[in-house]
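Peer 1: Chains as they are written, first to last, in our numbering: chain A, 940 to 1358; chain B, 112 to 282. Beta carbons: idealized from backbone N, C-alpha and C, even for Gly.
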């Protein structure tokens, strides 16, 4: 608010009526108010990367919020057209770098749909289990950072303690903590060892107690309640109209979960529920994420219980990559590896869209194939980008301090948003 | 070959706008004329039997050899009926303008801006028709067109290269 207003004199009361006492005539400055434009970001610590928002303010109230994006634009869709299908898998890690596994999963599913490929049962169970572990990591990350952003720092240390355990699990599984690239077209990169299965079981045993710990920190925390309840409210109708997905949509009471609607992996072979909110505010989304973590833990446990024996990779020499140990010892496999990476494999001519329920929302890949070894066009439907489309609508009328809650509520990651 | 029932309904309702339909890998794709994009989308959204209330994505594909060079792709989903449809429309390079569907799905706003940014296809009646991912002053063209080189057209090479220590004051 500007205070360099013209010092307009205001007529103060000349005197108290009936008393006869005269009051000195004071001149009060009249504050001229005007709209203020405020740039928030791109270096703001709570923008989860590099997001800039131009806020039009009236006092502390937001009357318009314009997201300015693209600071992290790397042209991933253009890069996809230049590489083979296999070569794009590491690029997907960098989309939503918090949850690389799920991006891998969404991408390989899309390519498998294009190829009309059936994946072995063991691979499906492994994929589902690991994807759900990734979902737990994603939600833990969300919970920690969201609480940190709006003033509850302790939760961050607790959630990252568990996240660390799971990242170590990824490290042991595939050698990387964040940029995993563990999924392969036609299966997964390597089998899970009995020791790792044991590790996961051990983690799951104590996980629900850990969830109670986070809730104990937040459930009755007045600051958390005041800053999440009735903040970033969106009705079910509007949420659908804007194309929101994931917990952001389910918070508004829409039972839309692709894992249930269009089951893939082993989701239709295990028992679990879709938590749905009521009020469509940040607080409901917080509960949905907490409940989803519980459901994920259930799914992981059932997947490990039911894990069938058998191959973890399709045996289709035209498409799938050979085993690494064979590449180094066997000439035929080395040639195959070389050809798959230089020419790629031929895909049928056509186009598909394949949506996957990542922990942020519907992550979809639209692939147009012209029959060559490279995608002719690859479009990524990233939930973060589409959620930002609703930002202006959801932020209007709230205070500046709520901006952090509002983009936190989508769980955005700019790597995926800007691609 | 018999048409998919949904495609048949679109054909029955808009006989002059319907071009073709194809079902592949379980995805239904309907090609329509670009003039009819808003009425067809309005029908898909409002009709009780169609009920495509959810917009999934808006995308575009470039076919430089074709007379109608660009293909704009819309993907819709019906949450109640749990089915998808893909609507496609072709535009020429000289006249790459379509009517915006932001009046039907508010979520189309950013998606159409991205199509404009990446492929240079314009949308009539769009509330905020600007670039979205590339900088506003970017004038090298549209990066996802097939004639755009992967390394860009040289704009990046003009950036000042900041070497280590160059920001420090020299005494």
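(1) Might you give, ordered along the chain, the residues of its own chain that have their beta carbon closer than 7 Å to the beta carbon of residue 253 of chain B, omitting 5 neighbours on each side?
(2) Please list, in chain order, all residues of the same chain as residue 1135 of chain A whose beta carbon is under 7 Å from its beta carbon, the five residues on each side excluded.
(3) Is residue 131 of chain B helix, strand or coil by DSSP?
(4) From the DSSP output, in three-state form, read off residue 1003 of chain A for me.
(5) Does DSSP classify residue 1293 of chain A as helix, strand or coil?
(6) What are the boundary residues of the beta strand (DSSP E) that residue 1016 of chain A is part of?
(7) Answer with yes or no whether the minimum CB distance from residue 254 of chain B to chain A is below 7 Å.
(8) Tell me whether residue 978 of chain A is buried or exposed, calling it buried when 16 or more other Cβ atoms sit within 10 Å of its Cβ.
(9) Residues in its own chain within less than 8 Å of residue 956 of chain A by CB, not counting five upstream and five downstream?
(10) Rounding to the nearest angstrom, what Cα-Cα distance links residue 256 of chain B and residue 1022 of chain A in this structure?
(11) Cβ closer than 7 Å: which chain A residues qualify as neighbours of residue 243 of chain B?
(12) Entirely within the region 1145-1229 of chain A and at least 3 residues each: give me those beta strand (DSSP E) ranges in chain order.
(13) Taking 6 Å as the limit between beta carbons, can you name the residues of its chain near residue 1195 of chain A, skipping five residues before and five after?
(14) I'd like to know whether the C-beta of residue 143 of chain B is nearer than 7 Å to at least one C-beta of chain A.
(15) Going along chain A, which residues have a C-beta under 7 Å from residue 166 of chain B?
(16) Decide yes or no for the touch test of the region 1335-1348 of chain A against the region 1066-1078 of chain A: beta carbon pairs closer than 8 Å, at least 3 of them.
(17) Roughly how many whole angstroms lie between the Cα atoms of residue 980 of chain A and residue 248 of chain B?
(18) If I'm right that residue 1304 of chain A touches residue 1045 of chain A with Cβ under 8 Å, what's the distance once you round it to whole angstroms?
(19) Suppose contacts are defined by Cβ-Cβ distances below 7 Å. Is residue 1053 of chain A in contact with residue 1306 of chain A by that definition?
(20) Residues of chain B with CB under 9 Å from residue 1360 of chain A, in chain order?
(21) Given that residue 1200 of chain A touches chain B, what residues does it touch there, using C-beta distances under 8 Å?
(22) Per DSSP, which one or two residues make a beta bridge with residue 229 of chain B?
(23) With a threshold of 7 Å between beta-carbons, can residue 1349 of chain A be considered close to chain B, or not?
(24) Using alpha carbons as the reference points, say which of B:205, B:192, B:210 and B:235 lies closest to residue 158 of chain B.
(25) Can you pull the chain A neighbours of residue 217 of chain B, defined as C-beta to C-beta under 8 Å?
(26) Starting from residue 1308 of chain A, follow its DSSP beta bridges and name the residues at the other end.
Peer 2: Reading it off the structure:
(1) 229, 230, 231 and 259
(2) 1108, 1111 and 1112
(3) strand
(4) strand
(5) In the structure shown, residue 1293 of chain A sits in a strand (DSSP, three-state: E or B).
(6) Not the beta strand (DSSP E): residue 1016 of chain A falls in the alpha helix (DSSP H), residues 1015-1019.
(7) yes
(8) Exposed, by the Cβ-count rule.
(9) Residue confidence for residue 956 of chain A is low, a pLDDT of 49 falling below 50, so the modelled location carries little weight and cannot support an answer.
(10) 16 Å
(11) 1008 and 1009
(12) none
(13) 1188
(14) no
(15) 1182
(16) Contact between the region 1335-1348 of chain A and the region 1066-1078 of chain A is absent: fewer than three C-beta pairs spanning the two stretches fall below 8 Å.
(17) 20 Å
(18) Correct: roughly 6 Å between the Cβ atoms.
(19) The answer is yes: Cβ separation under 7 Å.
(20) Here chain A has residues from 940 to 1358 only, and residue 1360 of chain A is not among them.
(21) 193
(22) Answer is none; residue 229 of chain B lacks a bridge partner.
(23) no
(24) B:192
(25) Within chain A, the residues near residue 217 of chain B are 1177, 1180, 1181, 1328, 1329 and 1332.
(26) A:1289 and A:1314
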